[in-house]
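Worksheet: one structure, shown below.
Residue numbers (this note's numbering): 11 to 424.
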C-alpha cells in the first residue's frame, strides 16, 4: 500500500506540475482581457479535446501551430478586426450543414488523432484531410512525387514535405509540448486512478488485514491467557506430581519399613511363641515352686510371729536397759561431778598442805618462840582433813568404776 500511495503521490505531483506548466504557458493577460470583453472566456482550447498517438505530438503541432489553441465562437463578429487581441488567435466558427466526421485512412495524420467532440472532428478533417505521414524525412522525400498538389507529408519530428518544399520543424514557445504534456496529464490521470484503485484495494486489504490482525491479536491474547492458565495448571500438576512422587517414595519407604517390621514381627512372634511355650513351662514350674514357697512362707510366717514376739520382748528389755543406761549415765555424771569436786578438794588440800609446809618451814626457821605443842593440833587437823579427802576420793573412784562396769554391761545387753 505504501508503494501505491507513493506512486499516486508522485503521479499527482507530476500531474499538478504539468497542469500548472500548461496554465502558465497559456496565460496571456491581454488575450484574456480581449476574450472577456467579447464573451469568449468560457471556451475550451482545441488541444484539450485532442488525443494524439504517442510520438506524433510534434507532427500535430507542426501542422496546426496556433490553431491548437483555437477557441469556439458562436457567431462571427466583424468587430474583431476593430480591436485585435494581443497575440495570434484562431476562433472556430459553426458551419451550417457540416458533414459528419470523416473516416481517416491509416496513412493520414488525422488517423493518429482522436477528438472528444464530433463538431471538432469535422474541422480537423478539413485541416488535416490532405496531411499524410511518413516515418522519417527520408521516406517523406522519397515519396514526395506521389503527393497531390495540395497535400503534404509530416514526420513524427514535425518536418513537412510537399511537392514543392520542405519545412523543417522548430518548436514555438507557447504551443510546443502542449499535446505531449496533455497526453502525459491524461496518462497520469489514468495512473492516478489505477494508483487510487490500488490504494483503495490495498486499504481494503489493509483493513481486512488489520481486522484479521485484530482478531488474531484477540485470539493470540486469548491463547496467551489460555496458555498462561495451561502453564499454571501444568505447574500445579508438576507440583502435585512432585508431591505425589515424593509421597509415593515416602509410601514405598514406609511400605518397606512396614514389610521389614512385619518380617521382624513374624520372627518375633515365632520366637515369642517359643518363649511363650517356655514361659508356660516356667509358669507351671513357678506354680509348683509357689506352692512350695507358700508352704515355706506359712512356716516363715509362724516363725516371723515368733520372732516378732521375741523382738517385742527384746525391745521391752532394751527399753528397760536404756532406762537403766540413762540412770547409770546420770549416776556416772554425778560421780564425775563428785570426782571433779574431790579432785578440786584434793588439789586445794595439796595447796593448803604445801602452804602449811611452807609456813611450817618458815615458822621453824623464823620463829623459835613458837612451841611444838601449838603446831601439833593444827598439823593433825590438816592431816585428818587430808585423809578424809582421800577416803572420799577412793569411794568416788569405786563408785565411778562400778558405774562404768554397769554401762559396759548395758552396752553388751543392748
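The beta carbon of each residue, even a glycine, is placed where N, CA and C say it ideally should be. As the structure is a prediction and not an experimental result, all values here were calculated from the model.
Minimum C-alpha distance to residue 62 - residue among 197, 252, 216: Ranking the options by Cα distance to residue 62, first place goes to 197.
Cα-Cα separation between residue 334 and residue 345, rounded to whole angstroms: Using only the alpha carbons, I get a separation of about 16 Å.
Residue 131 - containing alpha helix (DSSP H), residue span: Where residue 131 is concerned, the enclosing alpha helix (DSSP H) stretches over 128-138.
Close beta carbons around residue 41, own chain, < 8 Å, minus the five adjacent residues each side: Same-chain partners within the cutoff: 95, 96, 97, 99.
Spatially closest choice to residue 71 from 17, 166, 408, by CA coordinates: The shortest Cα separation from residue 71 among 17, 166, 408 belongs to 166.
For residue 484, the first and last residue of its enclosing alpha helix (DSSP H): Residue numbering for the chain in the displayed model covers 11 to 424; residue 484 lies beyond these limits and cannot be assessed.
At least 3 beta-carbon pairs within less than 8 Å: the segment 354-363 vs the segment 319-333: No: fewer than three Cβ pairs fall under 8 Å.
Spatially closest choice to residue 17 from 202, 174, 45, by CA coordinates: Residue nearest to residue 17 within the set 202, 174, 45 is 202 (criterion: CA-CA distance).
Beta-carbon proximity check, residue 188 vs residue 57, cutoff 8 Å: Yes. Within cutoff.
Alpha carbon of residue 155 to alpha carbon of residue 149, nearest angstrom: Those two C-alpha atoms are separated by around 11 Å.
Residue 125 vs residue 60 beta-carbon contact at 8 Å: Their beta carbons are under 8 Å apart, which means residue 125 touches residue 60 by this criterion.
Residue range of the unbroken beta strand (DSSP E) whose run includes residue 60: Unbroken beta strand (DSSP E) run through residue 60: 60-62.
Option nearest residue 83 by Cα separation, candidates 171, 90, 102: For the residues 171, 90, 102, the minimum Cα distance to residue 83 belongs to 102.
Cα-Cα separation, residue 118 to residue 216: Here the alpha carbon of residue 118 sits roughly 50 Å from the alpha carbon of residue 216.
Simplified DSSP assignment, three categories, for residue 233: Three-state DSSP puts residue 233 in a helix.
Collapsed DSSP secondary structure at residue 85 in the structure displayed: Residue 85: coil per DSSP, three-state reduction.
Inter-residue CB distance, residue 403 and residue 356 (contact presumed, cutoff 8 Å): In this structure residue 403 touches residue 356 by the C-beta definition: roughly 6 Å separates them, less than 8 Å.
Per DSSP, the bridge partner or partners of residue 163: Per DSSP, 142, 171.
Beta-carbon proximity of residue 49 to residue 81, cut-off 8 Å: No; because the gap between Cβ atoms is not below 8 Å, this pair is not in contact.
As assigned by DSSP and simplified to three states, the class of residue 252: Shown here, residue 252 sits in a helix according to DSSP, grouped into three states.
Residues near residue 86 in its chain [Cβ-Cβ closer than 6 Å; skip 5 each side]: When the five nearest sequence neighbours on each side are left out, the beta carbons in the same chain lying within less than 6 Å of the beta carbon of residue 86 are those of 103, in order along the chain.
Rounded distance between the beta-carbons of residue 144 and residue 153, thought under 8 Å: The Cβ separation is near 7 Å, so the contact holds.
Residue from 163, 123, 419 whose Cα sits closest to the Cα of residue 173: With distances taken between Cα atoms, residue 173 lies closest to 163.
Nearest-angstrom Cβ-Cβ length linking residue 73 and residue 141, presumed shorter than 8 Å: Contact holds; Cβ gap of about 5 Å.
Unbroken alpha helix (DSSP H) run spanning residue 73, endpoints: Following the DSSP letters along the chain, one finds residue 73 inside the alpha helix (DSSP H) bounded by residues 67-74.
Residue 407 versus residue 387 - alpha carbon distance: So the alpha carbons of these two residues sit roughly 30 Å apart.
Alpha-carbon spacing of residue 292 relative to residue 302, whole angstroms: Distance between the alpha carbons of residue 292 and residue 302 is about 15 Å.
Counted within 10 angstroms of its Cβ, other Cβ atoms place residue 192 as buried (16 or more) or exposed: By the 16-neighbour rule on beta-carbons within 10 angstroms, residue 192 is buried.
Candidates 132, 212, 178, 424: closest to residue 323 by CA position: Taking only the C-alpha atoms, the option nearest residue 323 is 424.
CB of residue 64 within 8 Å of CB of residue 168, strictly: For residue 64 and residue 168, no; Cβs fall outside 8 Å.
Reduced DSSP category for residue 100 - H, G, I as helix; E, B as strand; rest coil: DSSP places residue 100 in coil when its eight states are reduced to three.
DSSP bridge partner residues for residue 123 (one or two, in chain order): Answer is 62, bridged to residue 123.
Exposure of residue 171, with buried meaning 16 or more beta-carbon neighbours within 10 Å: Under a 10 Å Cβ-count criterion, residue 171 is classified as buried, with 16 or more other Cβ atoms of the shown protein chains found around its own Cβ.
For residue 397, three-class secondary structure by DSSP: It is helical.
Contact under 8 Å by Cβ, residue 159 with residue 14: No, they are not a contact pair.
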